[in-house]
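Contents: one structure, followed by commentary.
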Amino acid sequence: MKMNYMVVLLSIFFLTVGTSFAKQTFSFDNTMTVRELAKANNFNTRKLIHELDEDLGLLSVKPDAIVEDIGLTKKQFKKIYLHMHEDLTPLVILGMSLWVIIAVFVIILLKKKKLTRIIRVILFLFVILFFGVFLHAKPCAMETMVKFFKATVGRESWHLKIIFLSFFTLFGVVASNLFCSIGCQIGVLQDLIFQLFRMKKIKHKKLPFWLTNGIRVLTFLMFLLFMYNILDGFKTCSLYHDVNIFKVYILSLTTIGLVTFISVILLSSIVYRPYCSLICPFGVWSWITSHLSILRIKIRHDECTQCGKCVEVCPNDAMKGILENKKIKSDCYLCGECLNQCPTKCIELK
Ligand code: SF4
Ligand code: SF4
Ligand code: SF4
3 MKMNYMVVLL SIFFLTVGTS FAKQTFSFDN TMTVRELAKA NNFNTRKLIH
53 ELDEDLGLLS VKPDAIVEDI GLTKKQFKKI YLHMHEDLTP LVILGMSLWV
103 IIAVFVIILL KKKKLTRIIR VILFLFVILF FGVFLHAKPC AMETMVKFFK
153 ATVGRESWHL KIIFLSFFTL FGVVASNLFC SIGCQIGVLQ DLIFQLFRMK
203 KIKHKKLPFW LTNGIRVLTF LMFLLFMYNI LDGFKTCSLY HDVNIFKVYI
253 LSLTTIGLVT FISVILLSSI VYRPYCSLIC PFGVWSWITS HLSILRIKIR
303 HDECTQCGKC VEVCPNDAMK GILENKKIKS DCYLCGECLN QCPTKCIELK
């Protein structure tokens, strides 16, 4: 229990630090032109116009249009600012360091087979409050992935996307889906709901991996086809725009986003991480890299009695694939359930 208290105390400490840093400053004056507004906030004008179109439906805004004339309010701009703003501020660097500390902490516990449900729930709460609420879900793995591809068609700048995507990917190189497991603001929110219902002994459903992954990969391929204008019909780059539920942390969901968010929250009570398995583009990337991870859940097959307990406790099809030694496996989010439940203790993170 001592360890749990430590995590709670550390959480309170970092939340306090977070609150003091978390004030976002932005410039807004409704007598400015859109170009001046973009410049004052270090945004690319074309990108700001694109966001005004996507977020507020302000079509064909000209760079020299006056902010007041297009009807943009300070409140609306604040949401756009929070969505677009990206920087390596001291707070973001503190967040990135914290993610590394949490990851190391989780790996040590998994190695020792001591990652309990209660520790995960405490970590989840911390991640939701600190990385979600106080840092406004910035940086975000899903958005980084989308923006990385937008950068390939000149709609985003490169440097921060490369830094953040490499950072998130490195977690997955160390251990399968490590960032998604414990760091992602929406991933842990779904997991938290799932765990709370599991504690109440509510039965969950496992969706077939071929189906969920098929939908996830197909959506990603469609996104690429629209992005590179190979297919026409949707607004370029907007396939993930409305279903970006990370925007809940800046209270800026679109109607489709709100419906998606509510569905994800409700579904999470009986299905493990529906957004990760069905929609998220970073989920596709993380799933691919998980096949190359240094640390993965492994079974010492000579000691296994084939009792099937691990498959039963696994929240999705991951353990089934591991037990059957399949080449292509479902996402293992390192929940640690199988490690703790195997009667012969022949499962390990190795
Ligand atoms: S797959 Fe899930 S956990 Fe990973 S980045 Fe996407 S939403 Fe977050
Ligand atoms: S729980 Fe352990 S012993 Fe049982 S099937 Fe899984 S790995 Fe084998
Ligand atoms: S129970 Fe499943 S998801 Fe959890 S660590 Fe084991 S294989 Fe991974």
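According to the numbering used here, the residues represented by the sequence shown are 3 to 352, in order.
All residues carry an ideal CB built from backbone N, CA and C; glycine is no exception.
Note that the structure is a prediction, hence the values are computed from the model and not measured.
Assigned secondary structure, Lys-207 (DSSP; H/G/I helix, E/B strand, else coil): Three-state result, Lys-207: strand.
Hey, Ser-29 and Phe-211: beta-carbon distance below 8 Å or not? Result no, Cβ atoms of Ser-29 and Phe-211 do not sit closer than 8 Å.
Less than 8 Å between the CB atoms is what I'm expecting for Lys-208 and Asp-319, so what's the real figure, rounded? With a Cβ gap of about 6 Å, Lys-208 and Asp-319 count as contacting.
Going by the CB atoms, is the gap between Ile-130 and Val-69 shorter than 8 Å? At least 8 Å separates the beta-carbon of Val-69 from that of Ile-130.
Of the choices Lys-152, Ile-272 and Ser-62, whose alpha-carbon is the least far from that of Leu-227? Leu-227 has its Cα closest to that of Lys-152, out of Lys-152, Ile-272 and Ser-62.
Counting beta carbon pairs with one atom in the region 291-306 and one in the region 86-100, are three or more of them shorter than 8 Å? Below 8 Å, too few C-beta pairs join the region 86-100 and the region 291-306 to call them touching: fewer than three.
What residues in its chain sit with their C-beta under 8 Å from that of Leu-351, if we drop five residues either side in the sequence? Apart from the 5 residues on each side of it in sequence, Leu-351 sits with its Cβ closer than 8 Å to the Cβ of Ile-109, Leu-112, Lys-113, Ala-177, Leu-297, Arg-298, Ile-299, Lys-300, Leu-336 and Leu-341 in its chain, given in chain order.
At the 8 Å Cβ level, is Ile-72 part of the contact set with chain C, yes or no? Chain labels in this structure do not include chain C; a single protein chain is all it has.
Just to confirm before moving on: does the CB-CB distance between Leu-167 and Phe-181 stay below 8 Å? Going by beta carbons, Leu-167 and Phe-181 fall outside the 8 Å limit.
Nonlocal neighbours in the same chain, by C-beta distance under 7 Å from Asn-179, ignoring five residues either side: Answer for Asn-179: Ser-288, Ser-292, Asp-333, Cys-334, Tyr-335 and Leu-336, listed in chain order.
What's the gap between the Cα of Gly-338 and the Cα of Glu-53? One C-alpha to the other measures close to 41 Å.
Going by Cα to Cα distance, which pick from Arg-275, Phe-222 and Ser-254 is closest to Gln-197? Nearest neighbour of Gln-197 by Cα position, chosen from Arg-275, Phe-222 and Ser-254, turns out to be Arg-275.
One or two residues paired with Leu-297 in a DSSP bridge: DSSP lists Ala-177 as partners of Leu-297.
At which residues does the alpha helix (DSSP H) containing Ile-195 begin and terminate? Start and end: 189-201.
With DSSP as the reference, label Ile-217 as helix, strand or coil. Three-state DSSP puts Ile-217 in a helix.
Would you check if the region 241-257 and the region 135-146 touch, i.e. whether three or more CB-CB distances between them fall below 8 Å? With a cut-off of 8 Å, the region 241-257 and the region 135-146 count as touching, because enough Cβ pairs lie within range.
As a quick exercise: from Leu-162, Ile-267, Lys-203 and Arg-157, pick the residue whose alpha carbon is nearest that of Arg-48. Ranking the options by Cα distance to Arg-48, first place goes to Arg-157.
Proximity to Lys-163 [Cα-Cα], best of Cys-142, Pro-65, Val-175 and Gly-174: Closest option to Lys-163, judged by alpha-carbon separation, among Cys-142, Pro-65, Val-175 and Gly-174: Cys-142.
If I measure Cβ to Cβ from Val-273 and keep anything under 7 Å in the same chain, skipping five residues before and after, which residues do I get? Hits under 7 Å: His-206, Lys-207 and Leu-209.
Return the chain-ordered list of same chain residues with a C-beta closer than 8 Å to the C-beta of Gly-259, the five sequence neighbours on each side being excluded. Only Asp-244, Val-245, Asn-246, Ile-247, Lys-249 and Val-250 meet the Cβ criterion.
What's the gap between the Cα of Pro-283 and the Cα of Lys-202? Rounded to the nearest angstrom, the two C-alpha atoms are 31 Å apart.
Given a cut-off of 8 Å, decide if Val-123 and Leu-294 are closer than it, judged by their beta-carbon atoms. Not in contact: Leu-294 and Val-123 (Cβ atoms no closer than 8 Å).
Can you round the beta-carbon distance between Pro-345 and Lys-311 to whole angstroms, since I take them to be within the 8 Å contact cut? Going by Cβ atoms, the distance from Pro-345 to Lys-311 rounds to 6 Å, so yes, they are a contact pair.
Measure the CB-CB distance between Ile-104 and Gly-185 and report whether it falls below 8 Å. Between Ile-104 and Gly-185, the C-beta spacing is below 8 Å.
Hey, which unbroken runs of the alpha helix (DSSP H) at 4 residues or more fall wholly within the region 123-176? Whole alpha helix (DSSP H) segments, 4+ residues: 143-154 and 161-176.
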